[in-house]
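Heads up: the sequence shown runs through residues 1 to 110, numbered per the numbering used here.
Quick reminder that beta carbons are idealized off the backbone N, C-alpha and C, glycines included.
No experiment lies behind these values; they were computed from the predicted model shown.
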Amino acid sequence: MLTIIGCLTLIGFYFLYSTSSRAGLTFYLPLQKWINENKIKGKYIGLVLLIIGLASAVLYLGFGAGIFSYLTLLMLVASLVVLIEPLRFLKFPILVIMMILSLLLEVYLK
Numbered sequence: 001m002l003t004i005i006g007c008l009t010l011i012g013f014y015f016l017y018s019t020s021s022r023a024g025l026t027f028y029l030p031l032q033k034w035i036n037e038n039k040i041k042g043k044y045i046g047l048v049l050l051i052i053g054l055a056s057a058v059l060y061l062g063f064g065a066g067i068f069s070y071l072t073l074l075m076l077v078a079s080l081v082v083l084i085e086p087l088r089f090l091k092f093p094i095l096v097i098m099m100i101l102s103l104l105l106e107v108y109l110k
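Laid out in structure tokens, this is it:
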């Protein structure tokens, strides 16, 4: 469940990051081009994903711990996206492999 919350937060923040007009972005994926062309839809989708992630964290961890953990996760994801995205390290296959491994590890340890 925590992996899914992290994925929702990462994707939601990435949508909002891709709609930014101040960030010098290069669009090498079709999804990034679509988000840049449809900024209003991209912002709404990003906000909805972030809200779903927050609600999931609160339901899974409780009210106080869920909000605190989610804000910590959001700070981590935001820092990583802002620092690593200009280096083009966040490629789709790498993200999918990392998320699958994280989900398998979470299920195995639970």
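Check                                                                           : Outcome
Anticipated Cβ contact below 8 Å, Thr9 with Leu73, distance rounded             : 6 Å
Distance between Gly46 and Ile35 (C-alpha atoms, nearest Å)                     : 10 Å
Phe92 and Leu50 closer than 8 Å at C-beta                                       : no
Reference Cys7, options Leu105, Val107, Leu104 and Val96, closest by Cα         : Val96
Element boundaries [alpha helix (DSSP H), containing Pro93]                     : Phe92 to Leu109
Buried or exposed (CB count within 10 angstroms, at least 16 for buried), Thr19 : buried
For Ser69, three-class secondary structure by DSSP                              : helix
Per-residue DSSP class, three states only, for Asn38                            : coil
Ala55 to Ser102 span [Cα, whole Å]                                              : 21 Å
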